[in-house]
Amino acid sequence: MTTEQNTVITPEAPMTEEQLQGKMVEAVAKKDWAEVKKLSAALTKLDNDAKAQMKAEAQKKLAETGAKVKAIFDQIKTFLTAGQQPSKEARQAFSGELAKLTGKELDGVDGIWYAMDFGTTDSSIKLMKAKSASTGSTSTGGSKGSYVSGYPASEEMLKTVGDLVMFEAETPVVINKEAKTMPAGTTFNAAYAFSTNGGWRNRVRMAIGKAYTKTLAQ
9 MTTEQNTVIT PEAPMTEEQL QGKMVEAVAK KDWAEVKKLS AALTKLDNDA KAQMKAEAQK
69 KLAETGAKVK AIFDQIKTFL TAGQQPSKEA RQAFSGELAK LTGKELDGVD GIWYAMDFGT
129 TDSSIKLMKA KSASTGSTST GGSKGSYVSG YPASEEMLKT VGDLVMFEAE TPVVINKEAK
189 TMPAGTTFNA AYAFSTNGGW RNRVRMAIGK AYTKTLAQ
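Each residue of the sequence shown is one higher than the one before, starting from 9 at the first, in the working numbering.
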């Protein structure tokens, strides 16, 4: 008589961006372009998933902020349309709510539209977060960088020059303050897919744009 044993298969955890980048370096070094394409798709999916999560979190924050702002305006509307002076208790309660405001309630949101019915007058009010004068001039050394404009979308240009070599020799680079090494023979496709860091993508995009322009001129 035999006893069957149930085998439990534990799914592998998805690779992180750093792990995928390491695999990409290996694939480029081996000139395994099929694997490069596969890893490029995995990196793109990882980037898209992160963006989707950020969008969902932003929408949640916008909804929560909108609800708080609406409550304040609804109370003001009640005072304005009550036909009599608000009671001392109502004023004190509202003052307590105003005292909780920090001036940063609209941080991280693009703006909130709030409509009130004032008859035939303009009923739309848009609240925007004010920026201090020093905000635009201070650099944080982050990864966003300045987007290189004037070229078509990077993905479109890569269809033309993606298989061309960007790094003919092994080249040390710095991505998000971390030292990396790009293998000799790294193509524009591989370089672009290597990291989703904003500064790196802009550097690669500039090189792609120059190669794209040169190719069209030939």
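Virtual Cβ for every residue (Gly too), placed ideally from N, Cα, C.
Taking the C-beta atoms as reference points, glutamate 25 is found no nearer than 9 Å to serine 162. Alanine 75 and serine 95 have their C-alpha atoms some 24 Å from each other. Annotation for threonine 89: the continuous alpha helix (DSSP H) segment containing it runs 41-89. Glycine 207 and lysine 188 have their C-alpha atoms roughly 14 Å apart. Boundaries for glutamate 178: no alpha helix (DSSP H) harbours it, and the DSSP string shows neither H nor E there. The residues Val33, Val36, Ala37, Phe175 and Glu178, in chain order, have a CB closer than 8 Å to that of proline 191 in the same chain once the five nearest residues on each side in sequence are set aside. Residue environment analysis places leucine 28 among the buried positions, since at least 16 neighbouring C-beta atoms fall within 10 angstroms of its C-beta. Cβ-Cβ distances below 7 Å link aspartate 171 to Thr195 and Asn197 in the same chain, with the five nearest sequence neighbours on each side left out; the list follows chain order.
Taking a C-beta distance under 9 Å as the contact criterion, alanine 201 and serine 103 do not qualify as a contact pair. Linking glutamate 72 to proline 180 through their CA atoms gives a straight-line distance of about 45 Å. In this structure, the alpha-carbon of proline 22 lies about 36 Å from that of glycine 158. Beta-bridge partners assigned by DSSP to methionine 190: Thr179.
When DSSP states are grouped into helix, strand and coil, threonine 195 belongs to the strand group.
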